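Which chain is which? The protein sequence lines are H and Y, in order.
Here the first sequence is numbered in the UniProt record's numbering, starting from 1 and rising by one per residue.
Here the second sequence is numbered in the UniProt record's numbering, starting from 1 and rising by one per residue.
Glycine included, each C-beta is placed from N, C-alpha and C at the ideal position.
A quick note: this is a predicted structure, and the numbers were derived from the prediction, not measured.
2 protein chains.
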Amino acid sequence: MDMTSKLTAAAERLFDRHGYMATGMDRLTEAAGMSSRTLYKHAGNKAQLMARVLTERDRRFMARLEVQSVDALFAALEDWVRVEGTRGCLFLRSRAETGGDTPEIAEAVAAHKAAFHKRIEEVVAVNLGREDPVLSEQVLVLLEGATHAAVYRGAGAVSAARAAAAILLERARA
Amino acid sequence: MDMTSKLTAAAERLFDRHGYMATGMDRLTEAAGMSSRTLYKHAGNKAQLMARVLTERDRRFMARLEVQSVDALFAALEDWVRVEGTRGCLFLRSRAETGGDTPEIAEAVAAHKAAFHKRIEEVVAVNLGREDPVLSEQVLVLLEGATHAAVYRGAGAVSAARAAAAILLERARA
DNA sequence: ATACAAGTAAAACGAACGTTTTACATGTCA
DNA sequence: TGACATGTAAAACGTTCGTTTTACTTGTAT
């Protein structure tokens, strides 16, 4: 594993567990197991590092959403939550922590959320045989809600969302 | 308006717009229009101030949820978003920013989310004529999802959630 | 008159922040 | 052999952080 990957992985973990602002660069150098000189060579600066964490997370998360049915979207989220846990959406959290004032972070978040929305619309279209913007928005709300409700309600929130989506889909089919 | 209320209001605004960690006490004294000596007399310290902001917000938010129907819950959230905007749930955000490591904040968040969940169960019971834990969980997920999806999808996310809840409720009645 | 609560303005505290620099070790390739 | 890229260790940079302190003003109630 090269230094850049090691750094990005350590940063994602710390930013997710303790927050972006609360994570100091000293803690990061320690967790990544490298000197601060090397860290800055690969990271540029803290905001760029956060942006790279988000880009990498987007890649990993979106890869899991390469499915053909709405139900599989929720199954994928269940897997994600089981494997990675959930402390809320890291994209929204990083935007909120920076007040949207850090361009590279705001852009990474916007890109992810646009891709997320688009993927949902595609899956709904495949599953339903036609486009359905209203159902897509509802599925998006359910996925977003499951992610955040799971923080304090546990994985059951994802199952509840999954069942709700099934009902909405059935209804849209009629 | 007394100093404590002025401080709490200013703190809520700044913490919400820029994040808890990113908001310095200097900015807070300026926004609240008081000396740092007076601020600390009323606030105790930063974490206690955040906890008081959350307690006050809980009071204000829960007051809006004193309704008799599930649909009215979503109407109330629509009002809230229109009046206050949304940058995500301030309770979950403050917990995430502190990694859950600040007791007074973690407790204020837990108390709010417990009350939130309880209120939803009550409204569902009143609206449906019986308790329904599954539907309640789905309504909770929809409310949470609407709050967070509205950050980047706008107020339409709340209407979508509202319509979805109506369908789930209708179905639960049958 | 005086004691006291409650406020301001501003300096100071040590600690921690993000970042850069200095000095040195190592392996690799022309 | 020697230049170069890549790494470490550790000190130092100036800034900002949360918080406390010093010195002073004001309104109010005994």
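Residues that residue i contacts on chain Y, provided the C-beta gap is smaller than 7 Å
{"i": "H/Tyr40", "result": "None at all; the shortest Cβ gap to chain Y is about 22 Å."}
{"i": "H/Ala75", "result": "Those do not exist, as H/Ala75 stays about 16 Å from chain Y at its closest Cβ, beyond 7 Å."}
For residue i, the nearest candidate out of the options (CA to CA)
{"i": "H/Asp2", "options": "H/Ile120, H/Ala51 and H/Met34", "result": "H/Met34"}
{"i": "H/Leu142", "options": "Y/Arg64, Y/Gly154, Y/Val123 and Y/Ala164", "result": "Y/Ala164"}
{"i": "Y/Ser5", "options": "Y/Thr55, Y/Met21 and Y/Tyr20", "result": "Y/Thr55"}
{"i": "Y/Leu140", "options": "Y/Arg119, Y/Ala10, Y/Thr102 and Y/Gly100", "result": "Y/Arg119"}
{"i": "Y/Glu30", "options": "Y/Pro103, Y/Leu7 and Y/Leu128", "result": "Y/Leu7"}
{"i": "Y/Arg130", "options": "Y/Lys41, Y/Leu169 and Y/Val151", "result": "Y/Leu169"}
{"i": "Y/His117", "options": "Y/Gln138, Y/Arg82, Y/Ser36 and Y/Asp79", "result": "Y/Gln138"}
{"i": "H/Arg95", "options": "H/Leu14, H/Ala111 and H/Arg27", "result": "H/Ala111"}
{"i": "Y/Val109", "options": "Y/Thr38, Y/Tyr40, Y/Arg59 and Y/Val81", "result": "Y/Arg59"}
{"i": "Y/Asn127", "options": "Y/Leu14, Y/Ala72, Y/Arg37 and Y/Ala9", "result": "Y/Ala72"}
{"i": "H/Leu14", "options": "H/Glu84, H/Phe74 and H/Lys113", "result": "H/Glu84"}
{"i": "H/Ser159", "options": "H/Arg37, H/Phe74 and H/Glu104", "result": "H/Phe74"}
Test item: CB-CB of residue i and residue j under 8 Å
{"i": "Y/Ala149", "j": "Y/Ala157", "result": "yes"}
{"i": "Y/Ala172", "j": "Y/Ala161", "result": "no"}
{"i": "Y/Ser69", "j": "Y/Val123", "result": "yes"}
{"i": "H/Glu97", "j": "H/Gly19", "result": "yes"}
{"i": "Y/Val53", "j": "H/Leu92", "result": "no"}
{"i": "Y/Gly99", "j": "H/Ala22", "result": "yes"}
Contacts around residue i, its chain only, beta-carbon distance under 8 Å, and the 5 residues preceding and following it disregarded
{"i": "Y/Glu107", "result": "Ala51"}
{"i": "H/Ala76", "result": "Arg64, Leu65 and Val67"}
{"i": "Y/Leu39", "result": "Leu7, Met25, Leu28, Thr29 and Ala32"}
{"i": "H/Glu144", "result": "Cys89"}
{"i": "Y/Asp79", "result": "Arg64"}
{"i": "H/Ile105", "result": "Ala47, Met50, Ala51, Leu54, Ser94, Arg95 and Thr98"}
Interface residues of chain H facing residue i [CB-CB closer than 7 Å]
{"i": "Y/Lys6", "result": "Here the premise fails: no neighbours, minimum Cβ distance about 22 Å."}
{"i": "Y/Val151", "result": "Leu92"}
Beta carbon proximity, residue i to chain H, threshold 8 Å
{"i": "Y/Thr86", "result": "no"}
{"i": "Y/Met21", "result": "yes"}
{"i": "Y/Gln138", "result": "yes"}
{"i": "Y/Val53", "result": "no"}
{"i": "Y/Arg171", "result": "yes"}
{"i": "Y/Lys113", "result": "yes"}
Nonlocal neighbours in the same chain, by C-beta distance under 7 Å from residue i, ignoring five residues either side
{"i": "H/Lys46", "result": "Met25"}
{"i": "Y/Asp16", "result": "Arg87 and Leu90"}
{"i": "H/Arg57", "result": "Glu12 and Leu90"}
{"i": "H/Ser136", "result": "Ile120, Glu121 and Val124"}
{"i": "Y/Met62", "result": "Ala115 and Arg119"}
{"i": "H/Asp132", "result": "Val124 and Ala172"}
{"i": "H/Arg82", "result": "Ala155"}
{"i": "H/Lys113", "result": "Phe91"}
Chain Y within 8 Å of residue i, Cβ atoms only
{"i": "H/Leu168", "result": "yes"}
{"i": "H/Val124", "result": "no"}
{"i": "H/Thr98", "result": "yes"}
{"i": "H/Glu144", "result": "yes"}
{"i": "H/Leu65", "result": "no"}
{"i": "H/Leu92", "result": "yes"}
Chain H residues whose Cβ lies nearer than 9 Å to that of residue i
{"i": "Y/Ala155", "result": "Chain H residues near Y/Ala155: none, gap ~11 Å exceeds 9 Å."}
Beta-carbon proximity list for residue i, same chain, < 6 Å, skipping 5 on both sides
{"i": "H/Leu49", "result": "Ala11 and Ala43"}
{"i": "H/Thr102", "result": "Ala47"}
{"i": "Y/Ser36", "result": "Thr29"}
Interface partners of residue i on chain Y, CB under 8 Å
{"i": "H/Arg17", "result": "Gly99"}
Within chain Y, the residues that residue i reaches when beta carbons sit closer than 9 Å
{"i": "H/Ala32", "result": "In chain order: nothing, as chain Y lies at least about 18 Å away."}
{"i": "H/Ala161", "result": "Glu137, Gln138, Val141, Leu142 and Gly145"}
Amino acids of chain H, ordered along the chain, whose beta-carbon sits closer than 8 Å to that of residue i
{"i": "Y/Val134", "result": "Ala160 and Ala163"}
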